[in-house]
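Presented below is the structure to which this report refers.
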């Protein structure tokens with residue numbers, strides 16, 4: 005299960021690093037936005053929505069093995085082709101939590117910087133995503149209980 009989790013973590017890392025850069029390229033090559041916007045006005049939002057996911061993607065790429073070990077440390081047999089349903093739930097909840105955390109934290113920061121408002125919805129998702137990332141063992145046990153509760 006660990007090699008599969010490493011692969012999934014690295015796929016998420018590539019997505020987190022590349023997607024904001026592709027979205028930014030559309031903004032940079034739009035001629036109407038280049039003349040109207042000043043760099044000092046949109047730089048904090050740019051950092052929150054582009055640089056932060058890129059850094060998170062690079063960090064995930066290099067720490068994929070360590071994270072997979074933390075997610076699946078209770079697995080006694082770690083065969084390359086052994087994929088359990090509980091392991092998939094634990095790995096999936098962690099990856100969904102990381103994606104939601106990076107996306108909504110950038111959204112909350114850019115809303116606060118650009119409009120001066122606090123994005124309570126994004127902050128709530130950030131808190132829930134922390135629970136998804138840290139509660140992988142609990143979610144795996146909950147899945148196992150719900151699956152065999154007939």
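In the working numbering, the protein residues as written are 5 to 154.
The C-beta atom is built at its ideal place from N, Cα and C for all residues, glycine as well.
Which residues mark the beginning and the end of the alpha helix (DSSP H) in which residue i is found?
| i | result |
| --- | --- |
| residue 117 | 89-119 |
| residue 130 | 124-138 |
| residue 58 | 56-66 |
Can you tell me which of the options puts its alpha carbon nearest to the alpha carbon of residue i?
| i | options | result |
| --- | --- | --- |
| residue 107 | 145, 61, 68 and 72 | 61 |
| residue 59 | 75, 89, 125 and 25 | 25 |
| residue 127 | 136, 138 and 105 | 105 |
| residue 123 | 129, 112, 130 and 131 | 112 |
| residue 103 | 64, 139, 50 and 149 | 64 |
| residue 97 | 141, 48, 49 and 29 | 141 |
| residue 130 | 29, 101, 121 and 22 | 101 |
With a 10 Å radius around its C-beta and 16 neighbouring C-beta atoms as the bar for buried, classify residue i as buried or exposed.
| i | result |
| --- | --- |
| residue 114 | buried |
| residue 133 | buried |
| residue 66 | exposed |
| residue 27 | exposed |
| residue 13 | buried |
| residue 18 | exposed |
| residue 52 | buried |
| residue 138 | exposed |
| residue 110 | buried |
In chain order, what residues of the same chain lie with their CB nearer than 7 Å to the CB of residue i, ignoring the 5 residues before and after it?
| i | result |
| --- | --- |
| residue 154 | Low per-residue confidence applies at residue 154: pLDDT is 49, beneath 50, and the placement is therefore not dependable enough to give any value. |
| residue 10 | 68, 69 and 72 |
| residue 144 | 90, 93 and 94 |
Please go through the same chain and pick out, in chain order, the residues whose beta-carbon is closer than 8 Å to the beta-carbon of residue i, but skip the five residues on each side of it.
| i | result |
| --- | --- |
| residue 76 | 5, 6, 9, 82, 91, 94 and 95 |
| residue 151 | 89 |
| residue 99 | 12, 13 and 16 |
| residue 22 | 61 |
For residue i, which residues in the same chain have their Cβ closer than 6 Å to its Cβ, ignoring the five residues on either side in sequence?
| i | result |
| --- | --- |
| residue 117 | 48 and 49 |
| residue 148 | 90 |
| residue 146 | none |
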